[in-house]
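Working notes, structure below.
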């Protein structure tokens, strides 16, 4: 499954206009924050911590209009805390966004 990493750049351009430095900074902030939430989900030992990390990831992704990450975070909420396959899928989406 492939996601368009350009969605992040398009969302940022729509918000801040044609300011490459600001787009770069916001892009980096999104990627770092998303990475942090996925890391928190990977360390979750109970359902509450798992869902909180995914809720934050979903909210962050919603702020940037990253629909594939929103959908995957919603799907992940139904998985058991620390589900390795789900974490791998979340990381794959983030990696693809980072590569774009």
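In my numbering, the protein residues as written are 1324 to 1423.
The beta carbon of each residue, even a glycine, is placed where N, CA and C say it ideally should be.
Which word fits residue 1386, buried or exposed, when buried means at least 16 other C-beta atoms lie within 10 angstroms of its C-beta? Counting from one through the chain shown, the residue named residue 1386 turns up at place 63. So residue 1386 counts as exposed.
Contacts around residue 1402, its chain only, beta-carbon distance under 6 Å, and the 5 residues preceding and following it disregarded: Indexing the chain shown from 1 puts residue 1402 at position 79. Closer than 6 Å at Cβ, skipping near neighbours: 1409.
Considering only residues of the same chain and omitting the five flanking positions on each side of residue 1388, which have a CB-CB separation below 7 Å? Taking the chain shown and counting its residues from 1, one reaches residue 1388 at position 65. So the list reads 1330 and 1334, once near-sequence residues are dropped.
For the alpha helix (DSSP H) that contains residue 1350, what are its first and last residues? As a first step, residue 1350 must be located in the chain shown, where it is residue number 27. 1343–1366 is the span of the alpha helix (DSSP H), which, as asked, contains residue 1350.
By how many angstroms is the C-alpha of residue 1338 removed from the C-alpha of residue 1369? Here residue 1369 refers to the residue found at position 46 when the chain shown is read from its first residue. Here residue 1338 refers to the residue found at position 15 when the chain shown is read from its first residue. Cα-Cα distance, rounded: 36 Å.
Out of 1390, 1391, 1361 and 1365, which has the shortest C-alpha to C-alpha gap to residue 1379? Walking along the chain shown from the start, residue 1379 turns up at place 56. Measuring from the Cα of residue 1379, the nearest candidate turns out to be 1361.
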